[in-house]
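Which chain is which? The protein sequence lines are V and B, in order.
Just so you know, the first sequence maps onto residues 76 to 484 in the numbering used here.
Just so you know, the second sequence maps onto residues 421 to 663 in the numbering used here.
The beta carbon of each residue, even a glycine, is placed where N, CA and C say it ideally should be.
Just below is one structure, and these are the notes that go with it.
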Amino acid sequence: MSELWKERLKRHQLNQFKYLRLIFNDTFVLAFIVLLGALGFWYSNLLDTIHSQLWFGKLLVVAILFLTAQAGKLATMMEDPDSTFLLVREKQFFKYFKAAENYSRFLPIVLIAVITFLLSPFAVQGAGMNVWDVVFLGISTILIKMILLDVQLVGLYGKNQLFGVNLPLLMNLVYLILVLAASYTFTWLAPILLLVLWVWFNSKVKGFADAGHLQWQKAITDENQRMFRVKRFYNLFTDVPGISSKIKRRKWLDFAVNGIKLKHDNTYLYLFARGVIRNNEYIGLVLRLTILQVILLCLIDNFYISLIVEMLFIYLVGFQLKPYFKEVMQNLMQRLYPVAAKSKIAAFTKISNTMLLIQWFVSIFAVLYKFGLSANSGIIIVAGLVVIGFLNYLYMPHQLRKFLDNGEY
Amino acid sequence: MTLEIKDLTGGYGQVAVLKKESFKVEDGQVVGLIGLNGAGKSTTIKHIIGLLTPRGGQILIDGMSLNQDVENYRKKIAYVPEMPILYPELTLKEHIDLTIMAYDLDHDKTWENATRLLKTFRLDNKLDWFPQNFSKGMKQKVMIVCAFMTDARLFIIDEPFTGLDPLAVNDLLNLVEEKKQAGCSVLMSTHILATVQDHADKFILLNHGQVRADGTLDELKAKFNMQDANLDDIYIKMSHEDL
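Next comes the structure, spelled out in structure tokens:
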């Protein structure tokens, strides 16, 4: 079984590496670094304004650490066919999961360490802690993460409750109470008590697993969902094949597409328009990024950074609508339609234009809110339009054409 | 409508699945395309509908090839794939509207047709559902409705009977008969030999990407020297030939 784990891990890592290379190859990563820099700058400015201890300082530190501990799930690498082909190996699977758990600890621990490090200046300045307090809290958070992974592992064997209470809830509550109490008294108590809890619970894991049965369906669904989230994240930056999305009817949005006349020339417009509003992937993308864009535009005072934000976010949305075209083109039936490739691209351009113009229109309000009726506002707003023009009239048609020509679509 | 395949050679990538395959489907004929898994049935169909490009030979519909006039060539064909292929984001009603738009059909007349077909297959109360969530058999019915409501002259049906309930199989056969009476041609690939034996005018037996034999049941009996045989017996005899 550990051979199987090693093999899957290797395949998984190769895959991740492939995506990471794609992400870090893209030009916009540069812009992303600028954005990070802007946030760092904002954080350091914020710290300068704090001169005395804030009443909610400790609560905020604990809350952020608590949320950080929720990130990262048990990566089991289970696959759909496992429930058929490996059913007979159920008993041996525990070893496999143990290896999976070991692997799953690494990233969350790094994340917690980084967040704790970033939090430390605030904790010292705003929450009246010393450096050791911060270190103790960080270690506590790492320990609760280890416990939560154990909890997930026994959950795969159907063990969801302890003393009649939901296990993840119980452990999270214990963490919150311990850490809060400790941070107002003796911070070193939290890691010691959590260490005891972890050692105790960890020793119980095998027993819980033996007492229950492996919940194949749950294990596989959980893993599929986890992979889906990972891929969706990558999908923000690059095309990820095989990411299938959820469809919702959203009847209340029908008014937006009912205007499309039922005639031959509108075949693809009809199809794309409905897809974009019903496919969670794409409507979600536009919504998420537009909201984030508006928030950033409202927060940032710097003209140049606002300019980059405006252009970057429109570019991101436009760039990420492209996979939808590919998704539809993979449908075999549409390849048989007596419709020329040219009009497929034209229809997609129309849809992309509409979505981006809506996003642009919303962003105008944020820009005007921050910069008023000024030359700066004008430049940012026009720059947004330029990006839309570049995307839909230069970049996309060329890319889509290339895609259609290469793929025999 | 006539479909003529002359010395067709082709397949996926570098592997030639079909080797100099030739056969003809005449006006108003229902033809059964028969062969073992991997004999080349679906590959033949993919070449006819233009999803694969032949490496050699010709495919002509009414004397016209795909390259001569893509759009008119495609308008002549209706295709029901082996595995239903649907748009996850469209409702049943929208699938029908989209097909009408794509093939530039008359909206009202086609809807009349479609409504009749939907009633036949008991789908008329599911117009606002997403067919993507239907069972295999119901999805197959949607594909059949979308194909048979068009003005196509050649109907290509890939393994239509699996997953359909017996009532729907019967309804489909009636539709095929109806199209035949209207002068259309039907090419049907299937493993359900007993059904196709009673409903096809002619059979094409494929083996290793070549036409092993074709003709009516009587002609096949004569070719294989099996006077009392049914299609099953002939098929099994053919399959044993290369053992």
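- With respect to the 7 Å criterion, I335 of chain V and Y343 of chain V are not classified as neighbours on the basis of their beta carbons.
- When Cβ pairs closer than 8 Å are counted between the two stretches, the region 284-297 of chain V is seen to touch the region 153-166 of chain V, the count reaching three or more.
- Residue environment analysis places R96 of chain V among the exposed positions, since fewer than 16 neighbouring C-beta atoms fall within 10 angstroms of its C-beta.
- Contact between Q630 of chain B and E441 of chain B holds, since their C-beta atoms are separated by about 6 Å, short of 8 Å.
- Counting C-beta atoms within 10 angstroms of its own C-beta, R476 of chain V has fewer than 16 neighbours from the protein chains shown and is therefore classed as exposed.
- Residue state for D621 of chain B is assigned as coil, using DSSP reduced to three classes.
- With its beta carbon less than 7 Å from one in chain B, I322 of chain V belongs to the interface.
- Shortest Cα-Cα distance from G132 of chain V to any of V:M204, V:D155 and V:T191 involves V:M204.
- Between E514 of chain B and the set V:M221, V:I222, V:N333 and V:L114, the nearest pair of CA atoms involves V:N333.
- Interface annotation, E579 of chain B: not in contact with chain V, CB-CB separation never under 7 Å.
- Assignment of G203 of chain V by DSSP, reduced to helix, strand and coil, places it in the coil class.
- In the same chain as A459 of chain B, and ignoring 5 residues on each side of it, the C-beta atoms closer than 8 Å to its own belong to L626, N627, H628 and G629, in chain order.
- Across the structure, F400 of chain V and R325 of chain V are spaced so that their CA atoms are roughly 21 Å apart.
- By the rule that beta-carbons nearer than 7 Å mark a contact, K495 of chain B touches chain V.
- Here the C-alpha atom of A421 of chain V lies approximately 31 Å from the C-alpha atom of F99 of chain V.
- Taking a Cβ-Cβ cut-off of 8 Å, the neighbours of A522 of chain B in chain V comprise H339, T342, Q409, Y412, P413 and V414, given in sequence order.
- Scanning B:D544, B:L438 and B:T422 for the CA closest to the CA of D447 of chain B turns up B:T422.
- For the region 340-368 of chain V, the beta-carbon criterion of a distance under 8 Å to any beta-carbon of chain B is satisfied by N341, T342, Y345, L346, R349, G350, R353 and N354.
- Only those residues of the region 456-487 of chain B whose C-beta falls short of 8 Å from the nearest C-beta of chain V are listed: I469, G470, L471 and T473.
- For the C-beta of N406 of chain V, the chain B residues within less than 7 Å are, from N- to C-terminus, I505 and Y507.
- Residue burial is scored here from C-beta neighbours: G470 of chain B has at least 16 other C-beta atoms within 10 angstroms and is therefore classed as buried.
- Burial check for A642 of chain B: the Cβ neighbour count within 10 Å stays below 16, so the residue is exposed.
- Taking a contact as a CB-CB distance under 8 Å, the pair K445 of chain V and C373 of chain V counts as one, their CB atoms being some 6 Å apart.
- For F116 of chain V, the closest alpha carbon among the candidates V:T365, V:Q227 and V:I380 is that of V:I380.
- When C-beta atoms of the region 527-546 of chain B are compared with those of the region 470-482 of chain B, fewer than three pairs fall below 8 Å, so the two segments do not count as touching.
- Looking at the DSSP output, E165 of chain V shares a beta bridge with no other residue.
- The three-state reading of DSSP puts E446 of chain B in coil, since its state is none of H, G, I, E or B.
- For Y655 of chain B, none of the residues of chain V pass the 9 Å Cβ criterion, the least Cβ distance being about 28 Å.
- R632 of chain B and I624 of chain B have their C-alpha atoms some 8 Å from each other.
- Residue nearest to E165 of chain V within the set V:V414, V:R86, V:A188 and V:M76 is V:M76 (criterion: CA-CA distance).
- Assigned with DSSP and collapsed to three states, D329 of chain V falls in helix.
- Proximity of D489 of chain B to chain V, defined by a Cβ-Cβ separation below 7 Å, is not satisfied.
- By the Cβ neighbour-count rule, Y432 of chain B is exposed, with fewer than 16 other Cβ atoms within 10 Å of its own.
- Contact with chain V is absent for L547 of chain B, since none of that chain's Cβ atoms lies less than 7 Å from the residue's Cβ.
- Listed along chain V, the residues sitting closer than 9 Å to D517 of chain B by beta-carbon distance are L337 and Y345.
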